[in-house]
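*Asks:* Handing you this structure, nothing more for now.
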Amino acid sequence: MVKRIVLTLAVALFLQSFARADEGMWIPMLLKKYNIEQMQEMGFKLSAEDVYSVNQACLKDAVVIFGRGCTGELISDKGLLVTNHHCGYGQIQYHSSVENDYLTNGFWAMSPEEELVNPDLTVTFLKRMEDVTERVMEGVNEEMKAGERDKIIAANIKAIKEEAIKDTHYTAVLKPFFSGNQYFLFINEVFKDVRLVGAPPSAIGKFGGDTDNWMWPRHTGDFSMFRIYADKDNKPAEYSQDNVPYKPAKHFPVSLKGVNEGDFTMVFGYPGSTYQYVPSYHLEMLTETVNPKLIDVRTEKLNIMNRYQEADPAVRIKYAAKNARISNSWKRWIGENRGLEILDAISKKQQYEAEFNKWAKSQAPQYANLLARYKEVYKNYTNYNLTYGYYREMIPSNGIELANLAGKMDALKALYEAEEVDEEVAKALKKELIGQAELFFKNYYQPLDQEMSAKLLSMYAENIEAAFQPDVYALINGKYKGNIKKYVDHLFAKSRFDSKEEVIAFIDGFSAKSIKALEKDPAYQLNKSFVSVYRDKVAPQRKKYKSELADLDKAYMAAQMQFEPNEVFYPDANFTLRVSYGQVKGYTARDAVYYKHFTTLEGIMEKDNPDIYDYRVPAKLKELYKNKDYGRYEVDGTVPVCFVATNHTTGGNSGSPVLNAEGHLIGINFDRAWEGVMSDLMFNPEQCRNISLDMRYVLFIVDKMAGASYLLDEMTIIE
Ligand code: ARG
Ligand code: ASP
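The sequence shown stops at residue 755 when you use our numbering, and every number in between is there.
The following block contains the structure:
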């Protein structure tokens, strides 16, 4: 008996230590209730209202969603915004060519006229948020079937959003929190004229490249600058020469005071997704099946891409962003598996689940079955989820590009299959597709795609079970006698989709008569064979299991809150604005290795190696180093570059402002350290560190390297 109590206590203690401390991504509106006292104890000098308020200008007014998946922040009253280099990468690449290679050389607009316009780039400000749980749940009761309940919820959500933005130019987003146990509404303002102001050369902005990605010690100058433009009334507008710099309600003062170990830090941004409350079966699915298989396929992709990119500077530019995207998750998955294993995460979850089950059996019998049901669902879901992931790798997610382009013609086909074709609609669609095709060929290299196609087709055949093999393999095994390369050679020889001129002419002249030709195109057929397996055999089942999981998640979340009534829970990240707070802190990476909390210019010079692409230090920086020309950015004879802290962050937090106790900008968040990338699933305060760029390095580069000191004049700099 005594033994059992001790055991329970030990588990409870372990839970405590893993649930609190620096862990958590908190809701800005609720800081007052849950966090502000602790934040102030840790050194924060501002109030909850200073961070988030609807009645006064506050820190939230200086934070934006940058593009679709990053965060950015305002640093002047003229709409100047800073985010990461890797967040502005697509734009920098878009404006780059072999002649004007801004990726390599950097770019700085020396006057407003030189700023570069970016089609499709938006920034999004949060105006206010609101807990709308009650209204979302109106008319829903416990006895309802899931389908019926979901319908009512969806209708409520639609009505709430419509009402909230009626007669305004705002947009509304409504999202579930705590797996659907709570709902929040977000009212946003979206700006569409966002221009590129500057970016350092990749040898600074991407210094260390994918070699150093996800690692500490780090020396990447990962920043770029943009400017938001508005109409004369300071309202969002499409691009126009008449637009003027946006005047934000709030911008961050930039502090040159720097950081010391133990200092309070707050990250204010848009974390994308985390999975803190999933059962052990989810971790098993990732570590044993999904991650390893997807890691393998991406390893092969990267091998091929790197080889072509190293051989030809034009190909290097074309595939720069694609390569970075593939490499980024690939490396994170590897780190995640490693981190979960070292943390013994699965058995920790299992221990917790055993305690949970004991509790449920005696005190909450309605939950006693939950984990057993989870187990059943994951048994089936895992394979579907893997197949889905693999399918994405094959075509839509940087897979066989030719087939992906061909698949886009389905929209045209559908249009012309209708009895009556609306010529206006057709014209607009053709214009849209021609635009997409032009972008496609800007970043396309056929020999690379051809080699990649053969590799991917053979990997899919080896790794995915027979039931999910599309009929293109029957063709390969029949007509081509199993010779994938032969099939691929034929595919590229016969398809029209590898020729820009042909594709554009084809789209332009598309009519009902073109449907036959489209259906005969082998690239179109290839796409179709994969899509139909996905659509008929994978997606419906996956959806079914996912919806079963969603029901379980909702119940398990509520149950965990009852199981630990004294804990304060934070909701998983869902790409809504959150506050993470912690402190600047080094860490022990492994036996005998302790990492300090900051890096300096000295480390850049140590890494300098003209033979390694990722470590070529630009001549100008070397010169500044030689002359110790550091100006006011100097600290102890060098310039600080990056620092680590214990803020709980994830993908989407890139570009987030890192603030000190006064709410001043001291850094830009851009990454996490290798030992802690499992933090999306389990946070370990000893090992998890977010990596930020020190603002002093940012200003040093803008001022001394780029000579764009006019930008500093518009900032509020605190020395
Ligand atoms: N790892 C960081 C994040 O997830 C930085 C990524 C930059 N991309 C890269 N491939 N180096 O986004
Ligand atoms: N690098 C990530 C991003 O782009 C941040 C992270 O995952 O820590 O959002």
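Virtual Cβ for every residue (Gly too), placed ideally from N, Cα, C.
Going by DSSP in three states, asparagine 177 sits in which element: helix, strand or coil?
*Replies:* Translated into positions along the sequence shown, residue 177 becomes position 141. Coil, per DSSP.
*Asks:* Ordered along the chain, which non-local residues of its own chain (more than five positions away) have a Cβ less than 8 Å from that of glutamine 561?
*Replies:* Start at 1 with the first residue of the sequence shown, and residue 561 comes out as number 525. The residues are Val508 and Glu555.
*Asks:* Let's see if you can read the secondary structure: which residues bound the alpha helix (DSSP H) around leucine 748?
*Replies:* As a first step, residue 748 is located in the sequence shown; it is residue number 712 there, counting from the start. Segment 745–750, the alpha helix (DSSP H) holding leucine 748.
*Asks:* Would you report the Cα separation of tyrosine 414 and arginine 185, rounded to the nearest angstrom?
*Replies:* If you number the sequence shown from 1, residue 414 lands on position 378. If you number the sequence shown from 1, residue 185 lands on position 149. So the two alpha carbons sit approximately 24 Å from each other.
*Asks:* Quick one: Cα of serine 89 to Cα of lysine 96, how far?
*Replies:* As a working mapping, residue 89 is identified with position 53 in the sequence shown. As a working mapping, residue 96 is identified with position 60 in the sequence shown. Their backbone Cα atoms lie some 8 Å apart in a straight line.
*Asks:* Judging by CA-CA distance, which residue of Asn563, Gly142 and Ala503 is the nearest neighbour of lysine 242?
*Replies:* For the purposes of this step, residue 242 is taken as the residue at position 206 of the sequence shown. It is Gly142 whose Cα lies nearest to the Cα of lysine 242.
*Asks:* So does serine 132 have its beta carbon nearer than 6 Å to some heavy atom of the ligand HEM?
*Replies:* This structure simply doesn't include the ligand HEM; it includes the ligand ARG and the ligand ASP instead.
*Asks:* My understanding is that valine 295 touches phenylalanine 262, with C-beta atoms under 8 Å, so please give their C-beta distance in whole angstroms.
*Replies:* For the purposes of this step, residue 295 is identified with residue 259 of the sequence shown, where counting begins at 1. For the purposes of this step, residue 262 is identified with residue 226 of the sequence shown, where counting begins at 1. About 25 Å; that fails the 8 Å criterion.
*Asks:* Any chance the CB of glycine 688 is under 6 Å from a heavy atom of the ligand ASP?
*Replies:* Working through the sequence shown from its first residue, we reach residue 688 at position 652. Correct: glycine 688 has its Cβ closer than 6 Å to the ligand ASP.
*Asks:* How big is the Cα-Cα spacing for aspartate 269 and tyrosine 282?
*Replies:* Here residue 269 refers to the residue found at position 233 when the sequence shown is read from its first residue. Here residue 282 refers to the residue found at position 246 when the sequence shown is read from its first residue. Computed Cα separation, rounded: 9 Å.
*Asks:* At the level of alpha carbons, what is the spacing between tyrosine 570 and alanine 182?
*Replies:* Mapped onto the sequence shown, residue 570 falls at position 534. Mapped onto the sequence shown, residue 182 falls at position 146. Cα to Cα, the separation comes out at about 25 Å.
*Asks:* With a 10 Å radius around its C-beta and 16 neighbouring C-beta atoms as the bar for buried, classify isoleucine 648 as buried or exposed.
*Replies:* Position 612 of the sequence shown, counting from 1, holds the residue named residue 648. With fewer than 16 other Cβ atoms within 10 Å, it is exposed.
*Asks:* Look up glycine 234 in the DSSP assignment and give the residues it is bridged to.
*Replies:* Within the sequence shown, residue 234 is the residue found at index 198, counting from 1. For glycine 234, which the question treats as bridged, DSSP gives the partners Trp144 and Met261.
*Asks:* Between the C-alpha atoms of isoleucine 704 and glycine 691, what's the straight-line distance to the nearest angstrom?
*Replies:* Locating residue 704 in the sequence shown gives position 668, counting from the first residue. Locating residue 691 in the sequence shown gives position 655, counting from the first residue. Cα to Cα, the separation comes out at about 6 Å.
*Asks:* Determine the DSSP secondary structure at aspartate 730, reduced to helix, strand or coil.
*Replies:* Locating residue 730 in the sequence shown gives position 694, where the first residue counts as 1. Strand, per DSSP.
*Asks:* Report the three-state DSSP secondary structure of asparagine 645 (helix, strand or coil).
*Replies:* The residue labelled residue 645 in the question sits at position 609 within the sequence shown. Coil, per DSSP.
*Asks:* Out of curiosity, what's the CA-to-CA distance linking isoleucine 72 and tryptophan 144?
*Replies:* Start at 1 with the first residue of the sequence shown, and residue 72 comes out as number 36. Start at 1 with the first residue of the sequence shown, and residue 144 comes out as number 108. Approximately 40 Å, taken between the alpha carbons.
*Asks:* Within its chain, find whatever has a CB closer than 7 Å to the CB of alanine 462; leave out the 5 residues flanking it on each side and keep chain order.
*Replies:* As a first step, residue 462 must be located in the sequence shown, where it is residue number 426. Correct list, in chain order: Leu451.
*Asks:* Quick one: Cα of isoleucine 727 to Cα of phenylalanine 679, how far?
*Replies:* Numbered from its first residue, the sequence shown carries residue 727 at position 691. Numbered from its first residue, the sequence shown carries residue 679 at position 643. Roughly 6 Å separates the two Cα atoms.
*Asks:* With phenylalanine 99 as the anchor, note down where its beta strand (DSSP E) starts and where it stops.
*Replies:* Looking up residue 99 in the sequence shown gives position 63. Position check: residue 99 holds valine in this sequence, whereas phenylalanine was assumed. Where valine 99 is concerned, the enclosing beta strand (DSSP E) stretches over 99–102.
*Asks:* With a Cβ-Cβ cutoff of 7 Å, do proline 763 and valine 615 count as a contact?
*Replies:* Coverage of the chain is limited to positions 37 through 755, which leaves residue 763 absent and any answer about it impossible.
*Asks:* With 16 other CB atoms within 10 Å as the buried threshold, where does lysine 549 fall?
*Replies:* To locate residue 549, count along the sequence shown from 1; it is residue 513. Lysine 549 should be labelled exposed.
*Asks:* Measuring CA to CA, which of Ser365, Ala190 and Ala454 is closest to valine 176?
*Replies:* Along the sequence shown, read from residue 1 onward, the residue named residue 176 stands at position 140. Nearest of Ser365, Ala190 and Ala454 to valine 176, Cα basis: Ala190.
*Asks:* In chain order, what residues of the same chain have a beta carbon less than 7 Å from the beta carbon of valine 713, not counting five sequence neighbours either side?
*Replies:* One-based indexing of the sequence shown puts residue 713 at position 677. These residues qualify, in order along the chain: Trp250, Arg368, Gly371, Glu372 and Gly375.
*Asks:* Please list the terminal residues of the continuous alpha helix (DSSP H) segment that includes asparagine 364.
*Replies:* Numbered from its first residue, the sequence shown carries residue 364 at position 328. First-last of the alpha helix (DSSP H) with asparagine 364: 356–379.
*Asks:* Following the continuous beta strand (DSSP E) through glutamine 218, name the residue where it begins and the one where it ends.
*Replies:* Mapped onto the sequence shown, residue 218 falls at position 182. Glutamine 218 -> beta strand (DSSP E) spans 218–227.
*Asks:* Leucine 139 and serine 276 - do their beta-carbons sit closer together than 7 Å?
*Replies:* By one-based count along the sequence shown, residue 276 stands at place 240. By one-based count along the sequence shown, residue 139 stands at place 103. Going by C-beta atoms, serine 276 is not nearer than 7 Å to leucine 139.
*Asks:* Closer than 7 Å by C-beta to isoleucine 331: which residues in its own chain qualify, once you throw out the five before and the five after it? Chain order, please.
*Replies:* Translated into the one-based positions of the sequence shown, residue 331 becomes position 295. Here the set comprises Trp366, Trp369 and Ile370.
*Asks:* Kindly list the residues whose CB is nearer than 7 Å to the CB of asparagine 192, restricted to its own chain and excluding five residues on each side of it in sequence; keep chain order.
*Replies:* Mapped onto the sequence shown, residue 192 falls at position 156. Arg171, Val172 and Glu174.
*Asks:* Report the residue ranges of all alpha helix (DSSP H) runs contained in full by the region 84–133; include only those spanning at least 4 residues, in chain order.
*Replies:* Counting whole runs of 4 or more residues, the region 84–133 contains the alpha helix (DSSP H) stretches 84–87 and 125–130.
*Asks:* For threonine 682, count the other beta carbons within 10 Å of its own beta carbon; 16 or more makes it buried, fewer makes it exposed. Which is it?
*Replies:* The residue labelled residue 682 in the question sits at position 646 within the sequence shown. By the 10 Å Cβ count, threonine 682 comes out buried.
*Asks:* Would you check if the region 634–641 and the region 738–746 touch, i.e. whether three or more CB-CB distances between them fall below 8 Å?
*Replies:* No, the region 738–746 is not in contact with the region 634–641.
*Asks:* In or out: lysine 329 buried (at least 16 other Cβ within 10 Å) or exposed?
*Replies:* Here residue 329 refers to the residue found at position 293 when the sequence shown is read from its first residue. Buried is the call here.
*Asks:* For alanine 502, which of Ser745, Asp525, Cys94 and Lys573 has the nearest alpha-carbon?
*Replies:* As a working mapping, residue 502 is identified with position 466 in the sequence shown. Selected option, being the one with the closest Cα: Lys573.
*Asks:* Around the C-beta of tyrosine 746, are 16 or more other C-beta atoms found within 10 angstroms, so that it is buried, or is it exposed?
*Replies:* If you number the sequence shown from 1, residue 746 lands on position 710. Exposed, by the Cβ-count rule.
*Asks:* Between proline 721 and the rest of its own chain, which residues show a CB-CB distance below 7 Å, the 5 nearest in sequence each way excluded?
*Replies:* Sequence index remark: in the sequence shown, residue 721 carries index 685 (1-based). Only Ala57, Asp58, Glu59 and Thr682 meet the Cβ criterion.
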